[in-house]
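> Below is a structure I'd like to ask you about.
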DNA sequence: CGCCGATCTGGACTTTGTCTAATATTCGGA
DNA sequence: TCCGAATATTAGACAAAGTCCAGATCGGCG
Ligand SMILES: [Mn+2]
Ligand SMILES: [Mn+2]
Ligand SMILES: [Zn+2]
Ligand SMILES: [Zn+2]
């Protein structure tokens, strides 16, 4: 599957999001790259050409995408949140020094032996983060 | 093992940390409670009685404890870091709504099928976070 | 064209955390 | 015990991420 600006409107509609110019640009930034981006990075990307999208809109839009399940949040760096266009179950490899974040396919990873959940609780997700460092 | 202010100095020295009044208070806040605390919470606790420890000292001290391996950092909430006096290998259960964070013993948890690390990389830690929500 | 709800915006504000330069404390040695 | 150097603490300025709001703008429809 190949992402273009032109198929962003359909993607947004399929997630019950009204497609606007700004939302299309922001979605395109994430989906065309298939990378983990911070709000700051998204803002820099969408404002490279000319369109001028405000900070408030970038944050509002990313939050909207999150609520609608179009993207997922990755909390791995204490100073900023990353947004992930890959919403299929997967884990993350985090290079502590460089801040580089990459995906680990969940398909072959098995997590067993977790204790039963407290009553009245339901799992929203299991985040597995492998923190690595360059051999010094 | 039972933690008192009086045995904090020894604990600090055993981790190569010069025990000072402020450091003892901060360590005592964490170890006597055995809870995950944010810097803000630590500051509130140590300043409840009278001692008046500054914000800079709270942050400096928590970072020092981290470097010396006396506490560990838990990154689970996008808005603040939690400090964990439990440095033995364990995982976390995070209640998304309430923000409550609790330990999952690592002893019976098995994680298998992780892909090999990129060359020249060494694992610094594996963080497993089970995000749960109250059944609605 | 003109209306109206939805969206976008600048900028003030909040929160978490960092930095700095001045002050205070600690601690080993005389 | 006293002293000086090294170490630690501090107030407050600063920075960065993120939130909020009231007013401006957009865009689809009659
Ligand atoms: Mn989806
Ligand atoms: Mn230890
Ligand atoms: Zn990912
Ligand atoms: Zn813990």
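Protein chains in written order, with the working numbering: chain A, 674 to 809; chain B, 674 to 809.
We treat Cβ as the ideally placed atom computed from N, Cα and C, and that holds for glycine.
So which residues on chain B does residue 796 of chain A lean against when the C-beta distance must stay under 9 Å?
By 1-based counting over the first chain, the position of residue 796 of chain A is 123. 803, 804, 805, 806, listed in chain order.
> Please tell me whether residue 785 of chain B has its Cβ less than 8 Å away from any Cβ of chain A.
Position 112 of the second chain holds residue 785 of chain B. Chain A contact via Cβ: present.
> Between the beta-carbon of residue 734 of chain B and the beta-carbon of residue 696 of chain B, is there less than 8 Å?
Here the question's residue 734 of chain B lines up with position 61 in the second chain. Here the question's residue 696 of chain B lines up with position 23 in the second chain. Yes.
> From what residue to what residue does the alpha helix (DSSP H) around residue 775 of chain B run?
Stepping through the second chain from its first residue, residue 775 of chain B is reached at position 102. It is not in any alpha helix (DSSP H) - residue 775 of chain B instead sits in the beta strand (DSSP E) that spans 774-778.
> Which two residues bound the contiguous alpha helix (DSSP H) that contains residue 740 of chain A?
Position 67 of the first chain, counting from 1, holds the residue named residue 740 of chain A. Run containing residue 740 of chain A: 728-740, per the alpha helix (DSSP H) assignment.
> Taking 7 Å as the cut-off, is the C-beta of residue 747 of chain A nearer than that to any heavy atom in ligand 4?
Stepping through the first chain from its first residue, residue 747 of chain A is reached at position 74. Look at residue 747 of chain A: its beta carbon is at least 7 Å from all of the heavy atoms in ligand 4.
> Report whether the distance from the Cβ of residue 709 of chain A to the nearest heavy atom of ligand 3 is below 7 Å.
By one-based count along the first chain, residue 709 of chain A stands at place 36. Yes; taking the cut-off as 7 Å, the Cβ of residue 709 of chain A has a heavy atom of ligand 3 nearer than that.
> Please find out if some non-hydrogen atom of ligand 3 comes closer than 7 Å to the beta-carbon of residue 694 of chain B.
Here residue 694 of chain B refers to the residue found at position 21 when the second chain is read from its first residue. Answer for residue 694 of chain B: no, Cβ out of range of ligand 3.
> Using CA atoms only, rank isn't needed, just tell me which of B/746, B/685, B/782 is closest to residue 709 of chain B.
Working through the second chain from its first residue, we reach residue 709 of chain B at position 36. The shortest C-alpha separation from residue 709 of chain B is found at B/746.
> Closer than 8 Å, CB to CB, is residue 762 of chain A near chain B or not?
If you number the first chain from 1, residue 762 of chain A lands on position 89. Not one chain B Cβ lies under 8 Å of residue 762 of chain A.
> Tell me which same chain residues have a C-beta within less than 8 Å of the C-beta of residue 685 of chain A, skipping the five on either side of it?
In the first chain, counting from the first residue as 1, residue 685 of chain A sits at position 12. Within the same chain, residue 685 of chain A has close Cβ partners 691, 692, 696, 697, 700, 743.
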